[in-house]
Amino acid sequence: MLVYIRDEDGFSKMININRNDELKNRYRKILLDGVCLESFACKELIYYYFGSSGSQMKEQDFWCLAPTKVKSTNAAYVVNEARIALGDLKKIQNIATYIARVGLYLTTTKSTDEDIPSVYQVRIAGCKGMLSIDSQSTMNDDYIKVRKSMMEFNSDDWTLEIVDHSRLNEVLVTKNPCLYSGDLRRLEAVDIPTLRPFIHDCIVFPVVESRPHSNEIAGSDLDGDQYWVYWGKELKVNKIISPLAYTPMSKTRIPKITSELIVTHILDILDDQKFCIISNTHAVIVDKHSNGTMSTECKFLAELFPRAIDSIKTGEQIDMKIVNKLRETWYDTYPIWMMKDDKLSYESQSINGYLFNKAQNLRIKGLILNMKS
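Under this note's numbering, the first residue of the sequence shown is numbered 1, with each subsequent residue one higher.
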């Protein structure tokens, strides 16, 4: 059963859970002791937290299992055994990684009836990554080859599930939101005739480089990341900025992972808005600072942002002391395009301000036309 945690209106996600001990303890009890539902088959079923994918966790959605014919005192053991049945998770000593590996089996999948792609993001037998069609294969061949880097853990479940599929010349590639100018990379898209029969509409990063292009873009590790690719002629970039270092953080190791530790970690990150605070702080400083994204403050925030995003997977506790000091310094006023109606605002001279004003003018013209008609 998929359980949604929502506010009183039934739609909004819960906020400030970590600032309310009573509320936090209530959800701890729900996740550990289970959700009780009456059933026609038996007097009651108790659903216990099993796992969530990364996107589901951000939406505060949780998959729960109801161990039937088992006393509630043994339910935690049964749910843990169900997780172990997914694959060999015993070697994992990081809570965030453990939750992410269980979440691989809970990722939202999609079916494709038309426009059959040649490249797929898949999960199968504890592996996750990109697969492409083998040009040497025939219609009668039935095999899958995986790289060592795709292996997350050992599993006997060989059900192939498609997570997503792919969509010449010089192209611009980045990830959104793009917080640093160096995250925008100018790459050369090449056409290799021998690959045409089995690869199309796909971006493939080269591996024979001192540093992967993907890592140059906000330190991406290709773990389900989606990229923005532009091959048009209107947007011109005259100067490409060197990327930031984006040094990966080491993961905290724990000898034995328990349900209590898993729930504690989930509640700690359930309404974690650090990445939103970092992004908003960056937006304000970029708009005000004469050096924009190239300022020391914005470079610091740009490097911190992907770490905050990945903290769900790494378990890193993001230190916000410097961010809070920057907020105290720069948060006296906000650019009007941020639409902080309850704060002091100013007319922005940045590209964001220009686009905001254009959009507002179009909106006003649309309202006038509707009134006339």
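The beta carbon of each residue, even a glycine, is placed where N, CA and C say it ideally should be.
- Uninterrupted alpha helix (DSSP H) stretches at least 4 residues long and entirely within the region 306-367 occur at 321-330, given in chain order.
- The continuous alpha helix (DSSP H) containing Tyr27 extends over residues Asp21 to Asp33.
- Under the criterion of beta carbons closer than 8 Å, Lys256 and Thr97 do not qualify as touching, at roughly 14 Å.
- Proximity of the region 287-302 to the region 24-35 falls short of the contact definition, fewer than three beta-carbon pairs being nearer than 8 Å.
- Beta-bridge pairing by DSSP links Val171 to Leu187.
- From the listed residues Asn357, Pro248 and Gln360, the smallest Cα separation to Glu303 is found for Pro248.
- Within 10 angstroms of the beta-carbon of Met339 lie fewer than 16 other beta-carbons, which makes it exposed.
- Closest by C-alpha distance to Tyr27, out of Cys276, Ser350, Val323 and Leu267, is Leu267.
- Our two residues, Leu222 and Ile368, have alpha carbons roughly 47 Å apart in a direct line.
- Boundaries cannot be given for Ile192, as no beta strand (DSSP E) includes it and DSSP labels it neither H nor E.
- Among the bridge pairs identified by DSSP, Arg6 is matched with Lys13.
- Contact check for Ser279 and Ile241: beta-carbon distance about 19 Å, past the 8 Å limit, so the pair fails to qualify.
- Taking 4 residues as the minimum length, the alpha helix (DSSP H) runs contained wholly in the region 228-314 are 259-269, 274-288 and 296-314, in order along the chain.
- For Gly51, no alpha helix (DSSP H) segment is defined; the enclosing uninterrupted segment is the beta strand (DSSP E) at Leu45 to Gly51.
- DSSP places Val102 inside the alpha helix (DSSP H), whose first and last residues are Ile95 to Gly103.
- A straight line joining the alpha-carbon of Leu244 with that of Pro177 spans about 15 Å.
- DSSP, reduced to helix, strand and coil, places Leu37 within a strand of the structure shown.
- In this structure Asn238 is exposed. Its beta-carbon is surrounded by fewer than 16 other beta-carbon atoms within 10 angstroms.
- In the structure shown, Met1 falls within a coil segment according to DSSP collapsed to helix, strand and coil.
- In the three-state scheme derived from DSSP, where H, G and I count as helix and E and B as strand, Leu369 is classed as helix.
- Within the DSSP bridge table, the entry for Phe62 names Val3 as partners.
- Inter-residue distance for Gly51 and Leu37 is about 19 Å (C-alpha atoms, whole angstroms).
- Looking at the DSSP output, Met151 bridges to Cys127.
- Ranked by how close their Cα comes to the Cα of Tyr47, the residues Val79, Asp342 and Asp191 have Val79 in first place.
- The beta carbons of Asp271 and Ile15 sit about 5 Å from each other, so the pair counts as a contact at 8 Å.
- Under the 10 Å beta carbon count, Ile144 is surrounded by fewer than 16 other beta carbons and is classified as exposed.
- For Glu216, the enclosing alpha helix (DSSP H) begins and ends at His213 to Glu216.
- CA-CA distance, Gly87 to Val190, rounds to 39 Å.
- The C-alpha of Leu131 is placed about 34 Å away from the C-alpha of Thr258.
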